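Student:
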Amino acid sequence: MSTSPEIVADAAMAAAEPCFVAPELIDASGGAPRLVAGKCKACGALSFPRAPVCAACLAQEIGVAHLASEGVLYSFATVHQAPRNWIVPYHLGYVDLTDGIRVLAHIDGEPKINGRVRLGVGRVGTSAEGTPLMSYVFTPVSGASA
Amino acid sequence: MSTSPEIVADAAMAAAEPCFVAPELIDASGGAPRLVAGKCKACGALSFPRAPVCAACLAQEIGVAHLASEGVLYSFATVHQAPRNWIVPYHLGYVDLTDGIRVLAHIDGEPKINGRVRLGVGRVGTSAEGTPLMSYVFTPVSGASA
Amino acid sequence: MSKVYVIGTGMIAFGKYPDRTLADIGWPSLREALLEAKVKPDSLDAIYCGTALGGMLAGQRVAKVLGLSGMPIINVENACSSSSSAMAQAFNAISSGRFDTVAIVGVEKLTKFGGGTLPLEAEDWENRQGMVMPALYAMRANRYMHEYGLTAKQLAEVSVKSHDHGALNPLAQIRKRVTLEEVMGARPVAGPFTLWHCCPTGDGSAAVILASEKIARQVKPDAVRIAASEVTSGKYTNGYRDMTTAELTVRGSHEAYEMAGIGPDDVDVAEIHDAFTIAELMYYEAFGWAKPGEAYGLLSSGATSLGGKIPVNPSGGLLSRGHPVGATGMAQAVEIVRQLEGRAGKHQVEGAKVGVTHATGGGVAGFDHGACSIHIFTT
Amino acid sequence: MSKVYVIGTGMIAFGKYPDRTLADIGWPSLREALLEAKVKPDSLDAIYCGTALGGMLAGQRVAKVLGLSGMPIINVENACSSSSSAMAQAFNAISSGRFDTVAIVGVEKLTKFGGGTLPLEAEDWENRQGMVMPALYAMRANRYMHEYGLTAKQLAEVSVKSHDHGALNPLAQIRKRVTLEEVMGARPVAGPFTLWHCCPTGDGSAAVILASEKIARQVKPDAVRIAASEVTSGKYTNGYRDMTTAELTVRGSHEAYEMAGIGPDDVDVAEIHDAFTIAELMYYEAFGWAKPGEAYGLLSSGATSLGGKIPVNPSGGLLSRGHPVGATGMAQAVEIVRQLEGRAGKHQVEGAKVGVTHATGGGVAGFDHGACSIHIFTT
Ligand SMILES: [Zn+2]
Ligand SMILES: [Zn+2]
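Protein chains in written order, with the numbering used here: chain A, 60 to 205; chain B, 60 to 205; chain C, 14 to 392; chain D, 14 to 392.
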């Protein structure tokens, strides 16, 4: 299969810009980044990532909702051995958001179980083409404990 | 993972030489090529490719045997669409050897059902590195029909 | 031994969905089947998922989207017979009395391989000599044509019939008719096959809900029954083999007829594994609907077309409905159940009471095929 | 409902066999099990194959080397529970009366991925955020340590115990003891785990032959019986979850105990899914051998070591025997059957009459694990 010159040019331009690992999870349009979830219009159940169908009631109209941007670190792991692209070591943690959803995230800073964390955006890796890979991350709120 | 310079040099040298698709199936040491089969030392059953255990009696001592080099073309197909590396179109056929074994092979020449064919060696493709890929092939014996 | 009934069916239109995940290809058919069966999701005793190339825990990934979890979920792989083999496991589990209500979903995403031929098992020595699936079937075709005098033009008529049917099926991947000239003039794939002799690759999913007699009596007293559920594998030989007859399907269909207590003449409608045109003809003979060498006569008589005595592949079959490998068995089951319930729409076979599904495949050197699964459904 | 017995076992030494095909990794254990069972190959009613990453028709490819073909061959995938889930299907088919003699083979070739971490399902959103299996277990460990005050040194003792056992097992992938200092000083993988907290990747196969009561009475009257056969899947949530307890195994073990009519105290020996050190401790609690938070006490008492009250993983477990994913369930079954038959050699548990196998795994976002299969064997 041949690649057209236009597409190559597009890819090269894109490579100069940092790129999000899963852009559909983040909405930064309003200034501060928010996590994008789904909310069932029939029963109100939250889904993250936003699901195409409600796991609670099987309805198919799912609106967009933002998750809470603060939470508590349930646990974490410090990853030393990972697939290429990730910058090792990195801290990975489960964040229990105040709205009841648990989210896996990179933790940017010293993780502390039960410590409060806040949503941000940070670099988490490097693509095969050398592009910085970005994602949502959670940062410990200094001195705070839930 | 890095590749050592020595290994790169080896690969480049190898690339200059034609290479057999499945060298373990062919013995060309005695001049004319022969197909290498297994023969069970306990029950005499033939296996092709040479098996590590006998499918007829489960014995594990399997000697080396040569298959017959002549046979009859049972059927064939002319392949126009194939994975890279193969030179399309090519004729592929099932050859019923005189010793009772059926072998899949490239047919080098105009295939004719029930026509007699004889073992040889020929080029069947090109490797990703540009090396000619060789294999055993069967050639129709002109004018002959079984 | 409980009898086994089908109380729900679901299927998406087969096609190419490169931008959907496997899970998102799979859940809509499972959801439809659940809603049709009117069973609460948490009343499912187990889920069986058939997929050939869907990756690890495909069933779990599909089910979780619908909030289905915590029950046994079993993923079954058997090449083209993956989801029909999965259904056979569910059948065993219900007939043994262990489970009452079980979902089976077949799901596949072939577009993830980027088009072209599917990845072949490199460990197979025939594949390393250039074997591809069209060539295997083409060798059968050439030998059959040689022995019985079948012509390329006659063979092409299978494709015309298939597309006539598929054009009537809104769930088919290819929903248009083709002429004999178009079939014969298309791009060659593996002589004697052109493109229209070969099933397309694509994505799809289909699902059914099975129930024990106890449950079926409550929720759907007129449910279609599965009278035979059969899986078998090809017989290995490295010697000569008659490729004009489908050894595996001959054996499997005999076993299935015996289990159901019926014979070839009792079948009203069938969905069989027409991966390539020659396959449909060979399977007419394997199922006993035509004598050896006489399959074309059956086709040309119109008996296997809609309106005929035994319409075969009213859905369009693999050639037109499509063949997302692991989903095919369940697509056949959905089609036959809807036929027997009289709700197949424009491709309805009037008054069908007994239907057969048949999925077979998997190229492994020395075998007719790796696996074959046959089910017989009755009203 | 027929009772189900084990009449043959086979297993190869787990290790790295990059130059062997999957079929050549698989057939020796199946051959050994067949010879041990003294059944003729053509008397097998079916073959079930468990593999997670072995590719299409793995069972057919393994079986054909031994001339086994023409019977139903079903390939089952359930991540780490693949071959134990396959055995559960065979159990159902025998107990329903459909089959009398069935082989199950588990086979995997992980060296084909060239070492390093195994390929992860890219469709899973957690994997796309950098999740790897060691991290999932490490998060369990860190939370458990936080809640119960378990120390890294105490956690490391699990690995020492495992390798003490594995050093006695000629079929183990790692056949040497390690010291506490070696475990703690090894290369970090995912804090708090060093290399010796994690099971190695490798290749392997194991097989058993199951038989109905009718057949077992003829060929092996003293055969070990399978008293419980259980598969289940994790319960999905996108909310909070207590990661210090193994939800899936707690539920599965209760169901298995109930099916077998026994309780935790009746178990004499167990092979459980110690993919990482913390897993072994959490599963002591899930199986009811220790109260929540007290697993380390059980370990340090010596109760779960050879010579103790309930030796766990006498084979060395996943940590030492190795974990070729799809083969693990059958390796556990082979170990337990040989233990109950008193022929486990240097790692024999004296007088064991009741044994448990437990394979669970598959990382899917929102689940404890994707699948869990538990079997209980009795003399
Ligand atoms: Zn809802
Ligand atoms: Zn022999």
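We treat Cβ as the ideally placed atom computed from N, Cα and C, and that holds for glycine. If you're wondering where the values come from, they're calculated on a predicted model, not measured in any experiment.
1. I believe Gly339 (chain C) touches Gly119 (chain C) by the beta-carbon criterion, under 8 Å. Please report the beta-carbon distance rounded to the nearest angstrom.
2. Taking 9 Å as the threshold (C-beta atoms), are Ile25 (chain C) and Gly329 (chain C) in contact?
3. Determine which residues of the region 16-28 of chain D have a Cβ less than 7 Å from any Cβ of chain B, and write them out in chain order.
4. So what's Ala205 (chain A) in DSSP terms, helix, strand or just coil?
5. Please classify Arg175 (chain A): does DSSP put it in a helix, a strand, or coil?
6. So Gly374 (chain C) and Ser96 (chain C) are supposed to be a Cβ contact under 8 Å. How far apart are they, rounded?
7. Measure the C-alpha to C-alpha separation of Gly80 (chain D) and Cys113 (chain B) and round it to an integer number of angstroms.
8. Identify whether His139 (chain B) lies in helix, strand or coil by the three-state DSSP scheme.
9. When you compare the CB of Arg161 (chain B) with every CB in chain C, is at least one pair closer than 9 Å?
10. Assuming Met197 (chain D) is part of the alpha helix (DSSP H), what are its boundary residues?
11. Under a three-way DSSP split, which group does Trp145 (chain A) fall into?
12. For the beta strand (DSSP E) containing Lys122 (chain C), list its first residue and its last residue.
13. Report back the beta-carbon spacing between Leu132 (chain A) and Ile172 (chain A) to the nearest angstrom; my notes put them in contact at under 8 Å.
14. Hey, does Pro77 (chain A) have any beta-carbon neighbour from chain D nearer than 9 Å?
15. Would you mind stating whether Glu271 (chain D) and Val369 (chain D) have Cβ atoms separated by less than 9 Å?
16. Could you tell me which chain B residues have their CB closer than 9 Å to the CB of Val75 (chain D), listed as they occur along the chain?
17. To which residues of the same chain is Lys189 (chain D) closer than 6 Å at the C-beta, ignoring the five residues directly before and after it?
18. In the DSSP assignment, what residue or residues form a beta bridge with His150 (chain B)?
19. Just checking: is the beta-carbon of Asn326 (chain D) within a distance shorter than 9 Å of some beta-carbon in chain A?
20. Tell me which residues share the same chain as Phe380 (chain C) and place their Cβ nearer than 8 Å to its Cβ, disregarding the 5 neighbours each side in the sequence.
21. Taking the C-alpha atoms as reference points, what is the distance between Pro82 (chain A) and His382 (chain D)?
22. Taking only beta-carbon atoms, is Val112 (chain A) less than 9 Å away from chain C?
23. What's the gap between the Cα of Ala164 (chain A) and the Cα of Val154 (chain B)?
24. Return the chain-ordered ranges of every beta strand (DSSP E) run that is complete within the region 297-375 of chain C and spans a minimum of 3 residues.
25. Helix or strand or just coil, what does DSSP make of Asn182 (chain C)?
26. Count the other C-beta atoms from every protein chain shown that fall within 10 angstroms of the C-beta of Glu134 (chain C), then say buried if there are 16 or more, exposed otherwise.
27. Give a yes or no on contact between the region 36-43 of chain C and the region 225-243 of chain C, applying the rule of three or more CB pairs nearer than 8 Å.
28. Tell me Ser106 (chain B)'s beta-bridge partners as DSSP assigns them.
29. Between C:Thr341, C:Tyr253, C:Val115 and C:Asp32, which lies nearest to Asp158 (chain B) when the distance is taken from Cα to Cα?
30. So, with DSSP's three-state summary, where would you put Glu188 (chain A)?
31. Residues bridged to Leu133 (chain D) by DSSP?
32. Out of C:Pro327, C:Cys62, C:Leu223 and C:Val280, state which residue places its alpha-carbon closest to the alpha-carbon of Glu49 (chain C).
33. Looking at the secondary structure, which residues open and close the beta strand (DSSP E) in which Ile239 (chain D) lies?
34. Given this structure, state the Cα-to-Cα distance separating Ala87 (chain A) from Arg182 (chain A), to the nearest angstrom.
35. Should Leu117 (chain A) be flagged as near chain F, meaning a C-beta pair shorter than 9 Å?
36. Mind pulling the chain D residues with CB within less than 7 Å of Ser246 (chain C)?
Tutor: Concretely, from the data shown:
1. 5 Å
2. no
3. none
4. Because the pLDDT at Ala205 (chain A) is just 49, under 50, the model does not fix this residue reliably, and the point stays unresolved.
5. strand
6. At roughly 12 Å, the Cβ-Cβ gap does not stay under 8 Å, so Gly374 (chain C) and Ser96 (chain C) are not in contact.
7. 8 Å
8. coil
9. yes
10. Leu193 to Gly198
11. strand
12. Thr114 to Lys122
13. 6 Å
14. no
15. no
16. Those do not exist, as Val75 (chain D) stays about 11 Å from chain B at its closest Cβ, beyond 9 Å.
17. Ala180
18. B:Thr137 and B:Ile166
19. no
20. Ser246, Gly247, Lys248, Tyr249 and Leu261
21. 27 Å
22. yes
23. 59 Å
24. 367-374
25. coil
26. buried
27. no
28. B:Gly97
29. C:Tyr253
30. coil
31. Answer is none; Leu133 (chain D) lacks a bridge partner.
32. C:Leu223
33. Val237 to Thr245
34. 15 Å
35. Considering every chain present, this structure includes no chain F. Its protein chains are A, B, C and D.
36. Gln73, Ser82, Gly83, Met84, Pro85 and Ile86
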